[in-house]
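Q: For the sequence shown, the numbering used here assigns the number 27 to the initial residue and increments by one for each residue that follows.
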Amino acid sequence: VFDRVIGLRVVSIAAERVAGRIDMRPDLVGHFAYRRLHGGVISTGLDAMAGLAIMAALGARHMDETVAQRLARFARLGTIELRVDFLRPAIGDRFDLSAEVMRIGSRVASARMEFRGADGALLSTGAPRLEILRRELNLEELRRPALDKGLDPNQVLAGYLALDKGDITVEQVLHALEI
27 VFDRVIGLRV VSIAAERVAG RIDMRPDLVG HFAYRRLHGG VISTGLDAMA GLAIMAALGA
87 RHMDETVAQR LARFARLGTI ELRVDFLRPA IGDRFDLSAE VMRIGSRVAS ARMEFRGADG
147 ALLSTGAPRL EILRRELNLE ELRRPALDKG LDPNQVLAGY LALDKGDITV EQVLHALEI
């Protein structure tokens with residue numbers, strides 16, 4: 027949900043690589059004299075891209091499981107370390123983000139992330155580690171809080187995946203993961 031606040035949109039998704047975009051807005055400025063994007067927006071966007079890339083890779087690697095089992099795996103991820111290197115000021119009208127899975131182990135996953143300007147210039151890089159929690163969680167545990175609050179579970183799931191439905195839908199994610 028927070029990813030929508032910063033305007034993060036997913037533009038492509040594959041089994042181990044995702045790409046996204048953030049359009050500059052006045053409320054995302056970190057330094058008004060230069061109209062520079064706030065570093066927290068960069069970090070948040072890169073973290074979300076890495077998480078989504080790892081979710082896609084987990085889904086693709088467990089095609090023998092049911093859809094519910096694969097979706098439940100997504101809820102067991104959590105960032106435990108996030109390194110972001112700010113190489114150049116993020117000044118521009120649009121920014122492109124990407125993340126690629128480097129390794130998925132039994133307890134920890136890692137990725138490589140890039141944050142680029144519209145001209146392709148590399149502005150920031152990142153490397154996260156995400157913990158893969160051992161506790162089993164079923165899809166009903168994800169849906170129950172939504173249903174209890176009278177919300178559409180599919181919308182909650184889309185928000186959980188940090189997808190802007192205007193650019194990519196849950197159905198497209200499931201299709202990309204061959205679900």
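Just so you know, even glycine gets a beta-carbon here, dropped at the ideal spot from N, CA and C.
1) Below 8 angstroms, how does it come out for the region 105 to 124 and the region 34 to 49: are there three or more Cβ pairs, yes or no?
2) For Phe112 and Ser150, what's the separation of their Cα atoms in angstroms?
3) For Ile32, is the classification buried or exposed, using 16 other Cβ atoms within 10 angstroms of its Cβ as the cut-off for buried?
4) Taking its Cβ as the centre, do 16 or more other Cβ atoms sit within 10 Å of Arg99, making it buried, or is it exposed?
5) How long is the line joining the alpha carbons of Ile39 and Val127, rounded to whole angstroms?
6) Suppose the cutoff is 7 angstroms on Cβ atoms and the five residues either side in sequence are ignored; what does the same chain contact list for Val110 look like?
7) Given this structure, state the Cα-to-Cα distance separating Leu156 from Ala74, to the nearest angstrom.
8) Can you look up Gly46 in the DSSP assignment and give me helix, strand or coil?
9) State the CB to CB distance for the pair Ala209 and Leu63, rounded to an integer number of angstroms; the pair is presumed to be in contact (CB under 8 angstroms).
10) Of all the options Arg129, Arg114, Ile130, which has the alpha carbon lying nearest to the alpha carbon of Gly143?
11) Within the same chain, show all residues whose beta-carbon is closer than 8 angstroms to that of Val134, passing over the 5 residues directly before and after it, in chain order.
12) Give the secondary structure of Thr151 by DSSP, where H, G and I count as helix, E and B as strand, and everything else as coil.
A: Concretely, from the data shown:
1) yes
2) Within the sequence shown, the letter at position 86 stands for residue 112. Within the sequence shown, the letter at position 124 stands for residue 150. Computed Cα separation, rounded: 5 angstroms.
3) Here the question's residue 32 lines up with position 6 in the sequence shown. Label assigned to Ile32: buried.
4) Position 73 of the sequence shown, counting from 1, holds the residue named residue 99. Buried.
5) Taking the sequence shown and counting its residues from 1, one reaches residue 39 at position 13. Taking the sequence shown and counting its residues from 1, one reaches residue 127 at position 101. The alpha-carbon atoms of Ile39 and Val127 are separated by roughly 12 angstroms.
6) As a position in the sequence shown, residue 110 is number 84, starting the count at 1. Correct list, in chain order: Ile68, Ser69, Leu72, Ser150, Gly152.
7) For this step, residue 156 is matched to residue 130 along the sequence shown. For this step, residue 74 is matched to residue 48 along the sequence shown. Each residue's alpha carbon lies about 11 angstroms from the other.
8) Your numbering for residue 46 matches position 20 in the sequence shown. Strand at Gly46.
9) What is shown of the chain runs 27 to 205, which leaves residue 209 out entirely.
10) Working through the sequence shown from its first residue, we reach residue 143 at position 117. The residue with the shortest Cα to Cα distance from Gly143 is Arg114.
11) As a position in the sequence shown, residue 134 is number 108, starting the count at 1. Closer than 8 angstroms at Cβ, skipping near neighbours: Ile106, Arg155, Leu156, Glu157, Ile158.
12) Translated into positions along the sequence shown, residue 151 becomes position 125. Three-state result, Thr151: strand.
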